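For reference, the structure discussed in these notes is given below.
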Amino acid sequence: MYLSFEQLTKRYGEVTALQDVTFGVERSEFVSLLGPSGCGKTTTLLLLAGFEQPTSGRILLEGRDLSELPPEKRGVGMVFQHYALFPHMTVAENIAFGLVHGVTKRFSRSEAMSRVDRLLDMIDLAPLRKRKPAELSAGQQQRVAIARSLAPEPRVLCLDEPLSALDALLRERLRLEIRRLQRELGLTVLYVTHDQEEALAISDRVVVMNQGKILQIGTPWEVYDRPATRFVAGFIGKGSLLDGEVVATGGQIVFKVTSGAKMAVPADCWCGASPPRAGHRLGVLLRSERVRVTLSNDEDGRSDSSRLGLSGRLEEVEFLGAQCRLQISGPAGNLVATAPAAEIGAWQARLGSKVTVFCRVDDVRLVPW
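In my numbering, the protein residues as written are 49 to 417.
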């Protein structure tokens, strides 16, 4: 493994920021640390970069324990949420700073400028090389900060919520640029974000964290489609997470929801590490894009062997452009569904109507409570 975190723990007094964090990153892999504020994402980067020291555990980079090295000799590049550009320097001078004044390796001015020219071309800012940071947009400043961190050719690049201060359209464009640069240069990247859409869009793997612990590691599809815990199921994606109870297990899992409705689903709908047992509480996850909503007078609303049917009342229709999001209340709990606006845009006039939410049994996901 190129980069390894082994039983990493960090405490600040009585507060445990990280607890027994263990995972690895392959060379040239893009891994996102995803979780709510205060879950330990940034602390992990600070420990890797050497700005903080672990209470216990260790970090290995190419087999070497980084605790032996000061920050400037670790070969770790860092891009913060706030760009920290030198305001009195030009774009080119900012990017060249680590090359000319580097600790581990210094380049001649001509060598440094040659590398700066290449990076400016890669981030499409060559015409702005003589501008000061105050003369740039927020997106341009962020690209300069990324180029500056790339200039010394770090062994690992850490990005700590680099796009959180930007508007939505600019975030989408820059995250694609970051991914393009990572692939083009073969970078090993650790990317911190609380935006689950961002993490799913650009990562090779996602590490989901909460309260200083890792809850799940997997590809974007794995953590979305097969969440390992109730927290992961609720944090990633849109959907309904209902309270349920296991009735029977075997070739199928039979469960019931709080309304009393029972349903049998294939055993592989279970996403937990340990097999479920009768009487155990579980979460029933229905992804919003995998359910279908009908007015109750259109169909009888009953479950059968191929689908789960839950009755409810249409409370709200949110217009999102091409899609509409439906908020539904019912005996089983609050339900969420999305559907093409062309199909249900007129339903805003039907608020308060009785509806039925259907989900194919193969699309149901059961998670440990």
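Even glycine gets a Cβ: it sits at the ideal position worked out from N, Cα and C.
Note that the structure is predicted; figures quoted are calculated from it, not measured.
query: Coil, strand or helix - Trp417 by DSSP; result: coil
query: Opposing strand residues paired with Asn258 [DSSP bridges]; result: Lys261
query: Contacts around Asp252, its chain only, beta-carbon distance under 6 Å, and the 5 residues preceding and following it disregarded; result: Glu77, Phe78
query: Candidates Thr138, Ala199, Lys286, Lys121, of which the one nearest Leu229 by Cα; result: Ala199
query: Coil, strand or helix - Met161 by DSSP; result: helix
query: Euclidean distance between Cα positions of Thr386 and Glu246; result: 20 Å
query: Cut-off 8 Å between Cβ atoms - residues of its own chain near Ala186, not counting five sequence neighbours on either side; result: Ala213, Leu214, Leu218
query: Exposure of Asn142, with buried meaning 16 or more beta-carbon neighbours within 10 Å; result: buried
query: Sequence-distant residues of the same chain with beta carbon closer than 6 Å to Ile250, five excluded per side; result: Arg223, Arg227
query: Beta-carbon gap between Val409 and Val204 smaller than 9 Å; result: no
query: Euclidean distance between Cα positions of Ile262 and Thr64; result: 14 Å
query: Meets three-Cβ-pair contact criterion under 8 Å: the segment 86-100 and the segment 157-176; result: no
query: Residue of Ala394, Ala389, Pro323, Ala144 minimising C-alpha distance to Val415; result: Pro323
query: Coil, strand or helix - Val412 by DSSP; result: coil
query: Residues near Ala389 in its chain [Cβ-Cβ closer than 8 Å; skip 5 each side]; result: Phe367, Leu368, Gly369, Ala370, Gln371, Cys372
query: Option in Arg196, Gln190, Leu334 with minimal Cα separation from Ala144; result: Arg196
query: Beta-carbon gap between Gly331 and Ala281 smaller than 9 Å; result: yes
query: Cβ neighbour criterion (16 or more within 10 Å) applied to Trp269; result: exposed
query: Cutoff 7 Å; reference Thr138; Cβ partners in own chain excluding five residues on either side; result: Arg177, Lys178, Arg179, Lys180
query: Beta-carbon proximity of Gln259 to Thr277, cut-off 9 Å; result: no
query: Distance between Gly327 and Val294 (C-alpha atoms, nearest Å); result: 5 Å
query: N- and C-terminal bounds of the alpha helix (DSSP H) containing Phe47; result: Because residue 47 is not part of the residues shown, which for the chain are 49 to 417, the question remains open.
query: Local Cβ density within 10 Å of Glu347, reported as buried at 16 or more and exposed below that; result: Residue placement at Glu347 cannot be trusted, given a pLDDT of 49 that sits under 50; the coordinates are not used to answer.
query: CB contact flag (Val403, Ser344, <9 Å); result: yes
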